[in-house]
Each structure stands twice: as C-alpha cells, then as structure tokens.
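Note that this note's numbering numbers the sequence shown so that position 240 is 248, with each residue one more than the last. What follows is a set of notes on a single structure, which appears directly below.
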Amino acid sequence: MSSYVGVLVSDPWLQSQFTQVELRTLKSKYISTRTQSGRITVGDLPPVFAKLNAFSGTFDEDEIKSILGKSYTNPDEEIDFEAFLQAFLSVQARGIEKSGGSKGGSAFLKASTTTVHHAINESEKASYVAHINSFLRDDPFLKNYLPIDPATNALFDLARDGVLLCKLINIAVPGTIDERAINTKKVLNPWERNENHTLCLNSAKAIGCTLVNIGTQDLAEGRPHLVLGLISQVIKIQLLADLNLKKTPQLVELVDDSKDVEELMGLAPEKVLLKWMNFHLKKAGYEKQVTNFSSDVKDGEAYAYLLNALAPEHSTQVTLETKDPAERAKRVLEQAEKLDCKRYISHKDIVDGSPNLNLAFVAQIFQHRNGLSVDNSKVSFAEMMTDDTQTSREERCFRLWINSLGIASYVNNVFEDVRNGWVLLEVLDKVSPGSVNWKHANKPPIKMPFKKVENCNQVIKIGKELRFSLVNVAGNDFVQGNKKLILAFLWQLMRFTMLQLLKNLRSHSQGKEITDADILNWANRKVSKAGRTSQAESFKDKKLSNGIFFLELLSSVEPRVVNWSLVTKGETEEEKKLNATYIVSVARKLGCSIFLLPEDIIEVNQKMMLILVATIMYWSLQQKPDTESVVSEDAIEETYTSSVSDEVSSMSLDNAASDFHPVPKTREEEEESFPAVSDQESPQKAREEEEESSSSPNATDQESPPKAEEDESSPNIPKEECPAKAGEAV
Numbered sequence: 009m010s011s012y013v014g015v016l017v018s019d020p021w022l023q024s025q026f027t028q029v030e031l032r033t034l035k036s037k038y039i040s041t042r043t044q045s046g047r048i049t050v051g052d053l054p055p056v057f058a059k060l061n062a063f064s065g066t067f068d069e070d071e072i073k074s075i076l077g078k079s080y081t082n083p084d085e086e087i088d089f090e091a092f093l094q095a096f097l098s099v100q101a102r103g104i105e106k107s108g109g110s111k112g113g114s115a116f117l118k119a120s121t122t123t124v125h126h127a128i129n130e131s132e133k134a135s136y137v138a139h140i141n142s143f144l145r146d147d148p149f150l151k152n153y154l155p156i157d158p159a160t161n162a163l164f165d166l167a168r169d170g171v172l173l174c175k176l177i178n179i180a181v182p183g184t185i186d187e188r189a190i191n192t193k194k195v196l197n198p199w200e201r202n203e204n205h206t207l208c209l210n211s212a213k214a215i216g217c218t219l220v221n222i223g224t225q226d227l228a229e230g231r232p233h234l235v236l237g238l239i240s241q242v243i244k245i246q247l248l249a250d251l252n253l254k255k256t257p258q259l260v261e262l263v264d265d266s267k268d269v270e271e272l273m274g275l276a277p278e279k280v281l282l283k284w285m286n287f288h289l290k291k292a293g294y295e296k297q298v299t300n301f302s303s304d305v306k307d308g309e310a311y312a313y314l315l316n317a318l319a320p321e322h323s324t325q326v327t328l329e330t331k332d333p334a335e336r337a338k339r340v341l342e343q344a345e346k347l348d349c350k351r352y353i354s355h356k357d358i359v360d361g362s363p364n365l366n367l368a369f370v371a372q373i374f375q376h377r378n379g380l381s382v383d384n385s386k387v388s389f390a391e392m393m394t395d396d397t398q399t400s401r402e403e404r405c406f407r408l409w410i411n412s413l414g415i416a417s418y419v420n421n422v423f424e425d426v427r428n429g430w431v432l433l434e435v436l437d438k439v440s441p442g443s444v445n446w447k448h449a450n451k452p453p454i455k456m457p458f459k460k461v462e463n464c465n466q467v468i469k470i471g472k473e474l475r476f477s478l479v480n481v482a483g484n485d486f487v488q489g490n491k492k493l494i495l496a497f498l499w500q501l502m503r504f505t506m507l508q509l510l511k512n513l514r515s516h517s518q519g520k521e522i523t524d525a526d527i528l529n530w531a532n533r534k535v536s537k538a539g540r541t542s543q544a545e546s547f548k549d550k551k552l553s554n555g556i557f558f559l560e561l562l563s564s565v566e567p568r569v570v571n572w573s574l575v576t577k578g579e580t581e582e583e584k585k586l587n588a589t590y591i592v593s594v595a596r597k598l599g600c601s602i603f604l605l606p607e608d609i610i611e612v613n614q615k616m617m618l619i620l621v622a623t624i625m626y627w628s629l630q631q632k633p634d635t636e637s638v639v640s641e642d643a644i645e646e647t648y649t650s651s652v653s654d655e656v657s658s659m660s661l662d663n664a665a666s667d668f669h670p671v672p673k674t675r676e677e678e679e680e681s682f683p684a685v686s687d688q689e690s691p692q693k694a695r696e697e698e699e700e701s702s703s704s705p706n707a708t709d710q711e712s713p714p715k716a717e718e719d720e721s722s723p724n725i726p727k728e729e730c731p732a733k734a735g736e737a738v
C-alpha cells in the first residue's frame, strides 16, 4: 500500500524551502483563487498574500504589489503553482529584511520554523546527541544504533523511522506513549513509518510541544532544522519537569506569602528557574540580577557564585578571581563536573551566550542540587495550594488544547493566565473568527483591574452569543480566578469547537447542528457495521471503562490500526489500564490529536469520552472516498487541503501533523456509517445523556458550579472538546 507523499514540486530547491504543511496550505490558497477566476495572474496575488498569516501586520496589498512589481512587469501574466511559490518567497524575503534579520531563531519551547533560515547549531546538536546517548543507551531496540556520532548526520537518519523520537518523548514524560503501539521492525514500510511519525507528533503536542509547520513527511525526510527543533522542545520539557510546586514543593521557599505563591504557580518553568537562580545568587552576595540565559551569564561570574553557594565543598575563589571570561567558563565547568552537570554545554557556549544550552545547564544544576530547605511547615503550605487530581487533569487538558491552537500567547497555568481575559479572546477569535471586537480589547500587560474585567465581559458576551450556558456568570468571576467557572467555560468552548469542526466537515449535514447523540449513534453504527458487538448506552456508560468499545471503534474506522493480540479483556484494574494506555496511543497513531489521559477512560469521564469519540469521528469523516475519482484532481486537492490545512491546522484537532491515509471508503459506506443529522431518532438513553450533559457546563458526575446552571432555552450548549493535537491529556 503506497504512502501519501504530499505536495510535490518539480524544482528540488523550491521543494526544500517549504514544509509539507506550508505546501498544502499554499496549494489550497492557489487552487481556491484559481477556481474563482479560472486563472491566476500576478495582479491577483497582492490581496491573496495580504491575508496570509506570514505577512499579516508586515505588508498591506499596495506594498506587496510594489514588491512583486520589481520582479513581474506584466500584472496580467498568468502564473503556475511554482511561480506562485517563488512570488511568496520573494515577498517573504523582503519581510525578513524589513524586520531586521532572520526569523530563524531557535526558541527552545515555542520554536517556530521558517522556510528561509535553516542553519543548524552544531553545539546544540552535539548536546542533544549526548542527551540521547545517555538516556536511551539501554533501550532494547535503540542500543543497536547508539551511541550516535554528533559529527555526522546519523541523528537525522535515525529519526526517519520515528522510533527514536517516540522513545525520547517517553523519557521526557514517562508513560505518554504505549510502546506496544510503536512500529519497531528493523525495516519499516512507508505506512508503518508514517504511523510512527503521526504518533510522535500527536504525543509531542500532548506533552506541551508547540508544533508549527511540521508534518510527518518532514520527519520522514529527516529535515535537520525541524527534527532538531522538536528534539530541543522534548528535552526542555524533561529538564524543566520538576520546576513546579507539585513536583518540588520546596520552591515555596522562593516566596513570602500566599499571594506570591499564586504568582509563582502561574510562572513559566524558565521564569521559575531564573527566580531560583537569583534567590541563591542574592544569598551568595551577587549584586546583579540575572534576567536571561544569554547575555547575563556569558561572563561566567553568575555561575561561579551559584556553584559556590550550592556546592561549597567544591568551591574555590580562583574561579571568581579569573579575569578572562573563557578561562572562567572553563573553571565553572570543572566545578560543575564534580556535580555531574556538564552534559549540555561547553565553555564556548557560555561565552557565546547560547540561551538554549545555558538554560539546559542551569536546569541540570537544579536537578542535581536545588539547595532549597525542607521546612515542613512551608512544604505543607505549598501542598495546600495545589489542585485536586480532577481539577489538575482538566487544567492540563485545556492548557494543552489552548497551546495547540497556535495563538500568540503561551499558557503556563490556565487559572492564572486567563484572568486578564486576553488569552480567552485569542482563543475565541481562533475558533469563531470575527467574534472578537479587538478595538474594545485591552492587551497585556494590564495594570488596571477594570480593564481586565472589560476583556472578560467581552468573553462572556461572546460566549452567550455562541449559546454557552453562562447564567449568573460575570467577567469578574474570571478575573477573580473562579476555577469551577473557568473550567466550565473552557469545556463548553472546547466542545463547541469540536462540533463546529464536525459540522463544517459534514457537507451533507445541510447546516444542521450535530449533537452528542449524533456522535454516539455514529460510533455505535460504525462498530456494529464492522461486525462487533460492543455498544455504548451513553458517554458515561461504565462498561466503557474496559476500553473494548473504543478499540472496536478504532478498528472499525481503520482495521489494521489495532493489534488485537495486545488487547486484554479489561476485567481487572491492571487490564483496564493496559487497554486505556493502548487506546490513547492507537488513536494518536491513527491521526487523532487528543489530550486525555488513560485515567479518563478508566474512570469514564463523560466529557473526555465525548471528545475521544468525536475526534475519531472527525478523523474518519475527512478521509477521501473512492468515488472522488470522478472529480477533477484539482477539486480533490482543493477539498483535501482546504479541510485539512485550513480547518484542522487552525484548530487544536490539527491533523496537519498527520499525513496518514487509510484504505479509502466508498461514498455508500460513509453514508451508511453516519445517518443524516436529526433525520433519525436517537436511542432514549443517548437522548437522556445529551439532556443531562446540556444541563451542566461541567458535564461530569461532579456537582455543577452554582453560577453555571444550564439555560434550558439553549438547545445546543457547547461542551468540552479535547482535540487530538498530537498529544495527550484531554
């Protein structure tokens, strides 16, 4: 069975300038423009380019027209797709000049890719190779390929099969991927390789990686800058995993009162690391404030003070007395080596101020010796500030989902970061374009409380327009950080997004709303049609805890994706856990971007069950039927790229991370597998489930927040959607 190869360009150099996601998006724009006029000319390009995110805020139509005019003298000249790409690159190059340099920076967590600057930092590459060699050297499969020589391209060659990247994700966040779902044969066919990369990208999203313009084809080609960017994010997540109060309650020593603790909980891990570093530097008598991991540490002086404070048994004044920065950096590393903290950095990296490697170095020092007290009173106070398990799990799900949407802001803590309303406005504008009145929005930093309330009031207003249940909910509730109401709102927003995606994909739904009951009916019919016996009475049916129904559903949409020899009967808690972890990985391997945890399946969290099934349904419905062969190739390409690149890529259910294409279904099969919306009677229990879930924005077995009572006049109240961005924890 052949593998999907993506959009191909005859010019190899031109092909190399774009990722597959970028090519699919641009091809969609090209086709949609051509179909409107029958042809594309140079004069058609300015309004098309002006609407692209790449040029938004950089150029207007007149400026783009001026740029293109220097290369194309005749505005009526017809251009093909390759000329379209060339024109895009010429405008992009001018944009980079205008901004004052290359946009190819290597931000460690929110790393964006670029089609112009693909230089590889050899020091970072060597450090990441050392990390991989150290942590995966005993892996039963990879030990035959390790150690990797950092002086060669062996890292990128080894990454082509996807096994290395999946294993690295499991090292960063243990248990993210069920390794039974990884294809680990010595020689993989294109289909199996694509499955591994799809699983990798969806799982990377699930642990918090930000994936911009990267698809499975890019990994299969071993494109160095994209592979290295992904690896750097995964390693950073591993290194910063303990920089929170839940993992390290001793961090409470860094603050003085409860208000400061709340602020600490909302800080990004990098900011917590800086706060920790400055805490020890101040005690050691260092008078400067370290604000970054680049220019502020390149002279090595801060490191000398830090190591003297944390490891006095290895301290020496010689390091501080050394005048030459390079020599001081060498002595710092000699001292750090005694704590086994030298893997990520060289003295040249310190002097050059490499931000990624300096951050990794400081994080490694924190892991080996954080120097914080174990004062029981303070530790117990920190533990009181952490959320209960269910709340933490939902916060994690929404945080990952929001970050997967590709908005400008990055959320580190949902409860803290949404209080000014700005993040929620960004999300609303993404899932419901045009809904936000940005003229009445206040951009952070916001010092005046009433401006935060203004933002949150607009959030509530838009929510009501989308028919969310927001009875007696006010913007100030969000500003005050009411966790129940924030979770209730985000659940409705997530569910709304999922249902809209399904509605938009389903062309023959004739604009009718898709309900929870429709999704349940679809799943039951799909399983039954495949000859299986499992049926779900509702999304809180306790029988779902054994996982069999979900495995049969996954198998019904793609028979080869489930290895039934690995499935248990789900009779004991251990067997349920095995099935649940396998379900999550198989769904991601198929191409579903989900954020739920195995515990959500075992406990039958009805919100997460709805999102899981809806996500599988979404994936299934966007596959191309055989009968599309009667349509022109351009129409096929337009339909596919439009739905996948424009809708999916812009949402959290971004299937741009997956080029997985299963056995095509016929139109007749697809018609039978999904009854026309609202044309058939739903089972009574499913109807009761929908009504019950509609009565509470927090559609769980828990008590609903008093201010979020269901407005029964709203027939379709959105519920949480936990899309599948290549990751986990719905």
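Ideal Cβ placement from N, Cα and C applies to all residues, glycine included.
CA-to-CA, the gap between Asn210 and Val181 works out to about 14 Å. Under DSSP, Thr49 shares a beta bridge with Glu86.
Per DSSP, reduced to three states, the secondary structure at Leu219 is coil, with no helix or strand assignment. By the neighbour-count criterion, in which 16 or more other beta carbons inside 10 Å mark a residue as buried, Met617 falls on the buried side.
For the alpha helix (DSSP H) assignment, the uninterrupted runs of no fewer than 4 residues enclosed by the stretch 422-476 are, from N- to C-terminal side, 422-425, 430-439, 457-473.
Taking C-alpha positions only, Gln28 is separated from Val235 by approximately 14 Å.
Per DSSP, reduced to three states, the secondary structure at Glu295 is coil, with no helix or strand assignment.
Taking 8 Å as the cut-off, the Cβ atoms of Gly489 and Val461 do not count as close. Assignment of Cys349 by DSSP, reduced to helix, strand and coil, places it in the coil class. By the neighbour-count criterion, in which 16 or more other beta carbons inside 10 Å mark a residue as buried, Gln325 falls on the exposed side.
In this chain, the alpha helix (DSSP H) harbouring Lys356 covers 355-360. Annotation for Gln325: the continuous alpha helix (DSSP H) segment containing it runs 325-329.
Asn421 is a Cβ neighbour of Gly274, given a cutoff of 8 Å.
In this structure, the alpha-carbon of Ser18 lies about 13 Å from that of Phe26. Between the alpha carbons of Arg427 and Arg503 lies a gap of roughly 21 Å.
Rounded to whole angstroms, Lys73 and Tyr626 show a C-alpha spacing of 39 Å. Under the three-state reduction of DSSP output, Ser79 falls in the coil class, being neither helix nor strand. Rounded to whole angstroms, Leu154 and Lys350 show a C-alpha spacing of 20 Å. Less than 8 Å divides the Cβ of Thr49 from the Cβ of Glu86.
Secondary structure note for Gln500: its alpha helix (DSSP H) is the uninterrupted segment 491-513. The closest CA to that of Thr81, considering only Leu493, Leu328, Ala134, Gly51, is found on Gly51. Around Ser323, the same chain offers Asn316 as residues with beta carbons nearer than 6 Å, after the five sequence neighbours per side are excluded. The three-state reading of DSSP puts Ile156 in coil, since its state is none of H, G, I, E or B. Relative to the Cα of Ala91, the nearest Cα in the group Lys254, Ala138, Glu335, Tyr38 belongs to Tyr38. Nearest neighbour of Leu251 by Cα position, chosen from Lys279, Glu270, Val263, Asp268, turns out to be Lys279.
Each residue's CA atom was taken as its position, placing Ile177 and Ile140 some 11 Å apart. Excluding its 5 nearest sequence neighbours in each direction, Leu328 has C-beta neighbours in its own chain below 6 Å: Ala312, listed in chain order.
Distance between Phe149 and Arg201, taken at the CA atoms: about 15 Å. Residue ranges of uninterrupted alpha helix (DSSP H) with 4 or more members, entirely inside the stretch 566-627 and ordered along the chain, are 581-598, 606-610. Here His448 is exposed, its C-beta having fewer than 16 other C-beta atoms within 10 Å. Gln25 sits in coil when the DSSP states are folded into three classes, being neither helix nor strand.
At a Cβ-Cβ threshold of 8 Å, Val612 and Lys550 count as neighbours.
Per DSSP, Arg533 is one residue of the alpha helix (DSSP H) stretching across 524-537. Taking C-beta atoms as the reference points, Ile190 and Leu207 count as a pair closer than 8 Å.
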